[in-house]
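This is how it looks when you write it as structure tokens:
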């Protein structure tokens, strides 16, 4: 599981536990299954009206994507590009194709295979840029779906509150203030559910998907740049350092080095950006 997602789920559970155990005089008043149903069903209904069913079916997959731990394959991609570039500079197209069979990145394989097929560099870059733009648009649309759900949930929470207020007004004539207070408390729980679902579930998931897309686009642009350098038969060593600089964190060259003494030797460590 993704470590940050796991920490967020644990922190959310602690928050809800504290909310139920310490912030409420009667924890049972914060549990209202009909109110929760209004928020969940209303949000789902509005989402189905807003989006095609093909996109709504992706929601379980998006949840799994947020929970799944992302592995950084950029070092392996850089190694693959450098090895392919060495073979390409030697003019051994057969060796390049054999190495491609062991490469698992389809985006990288597509670009290098087009290069082996003698497609002009401009056409290769145009195709790869189009694929990057298509991936960005697709994944941004998925994140926007969750953002829409984050907007719908508080609105249906208010709807449940209005229904509860109607019930409260109905019993107001009985003069039983205790009953009126209970109805008022139950009417406000749906707003609580809407706020919690929007800000602890839907919106954070959308932000995580957007950050994931940014990282994936960065790696794809790195591969695109590597294929461009490969087409121009640039030095594999220069290619490795250039591609690493595109995906690694930079040392701050504007700050002086920090010196540390460990025994007698003098060690120099560079400050990283905060």
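Numbering (my numbering), first residue to last: -10 to 263.
We treat Cβ as the ideally placed atom computed from N, Cα and C, and that holds for glycine.
Predicted, not measured: the structure shown is a model, and the values here were computed from it.
Query                                                                                                                                  : Result
Residue burial classification, residue 38 (beta-carbon count within 10 angstroms, cutoff 16)                                           : exposed
Segment contact, 8 Å Cβ cut-off, at least three pairs: the region 134 to 146 with the region 186 to 195                                : yes
Buried or exposed by the 16-neighbour rule on C-beta atoms within 10 Å, applied to residue 4                                           : exposed
Spatial distance of residue 84 from residue 76 (CA atoms)                                                                              : 6 Å
C-beta atoms of residue 89 and residue 101 nearer than 7 Å                                                                             : yes
Contact under 7 Å by Cβ, residue 154 with residue 176                                                                                  : yes
Contacts around residue 118, its chain only, beta-carbon distance under 8 Å, and the 5 residues preceding and following it disregarded : 213
Distance between beta carbons of residue 97 and residue 66, contact taken as under 8 Å                                                 : 6 Å
Inside the region 109 to 143 only - beta strand (DSSP E) runs reaching at least 3 residues                                             : none
Residue 94, enclosing alpha helix (DSSP H) - first and last residue                                                                    : Counting along the chain, residue 94 falls outside any alpha helix (DSSP H), and DSSP gives it neither H nor E.
Proximity test, Cβ basis, 7 Å: residue 209 and chain B                                                                                 : Judged by its chain identifiers, the structure shown contains no chain B, having just a single protein chain.
Close beta carbons around residue 234, own chain, < 7 Å, minus the five adjacent residues each side                                    : none
Pairwise C-alpha distance: residue 161 and residue -10                                                                                 : 50 Å
Rounded C-alpha distance that separates residue 36 from residue 137                                                                    : 7 Å
Reduced DSSP secondary structure (H/G/I, E/B, other) of residue 66                                                                     : helix
Residue 123 versus residue 182 - alpha carbon distance                                                                                 : 35 Å
Burial state of residue 241 (16 or more Cβ within 10 Å)                                                                                : Confidence in residue 241 is poor, its pLDDT being 44 and thus under 50, which makes the residue's placement too unreliable to answer from.
Three-state class that DSSP yields for residue 41 in the structure shown                                                               : coil
Start-to-end residues for the alpha helix (DSSP H) that takes in residue 198                                                           : 192 to 220
Between the CA atoms of residue 27 and residue 59 - distance to the nearest angstrom                                                   : 34 Å
Contact set for residue -6: own chain, Cβ-Cβ below 8 Å, skip 5 residues either direction                                               : 55, 56, 197
Best match in 99, 131, 180, 32 for proximity to residue 43 [C-alpha to C-alpha]                                                        : 131
Residue closest to residue 219, alpha-carbon to alpha-carbon, out of 40, 148, 114, 32                                                  : 114
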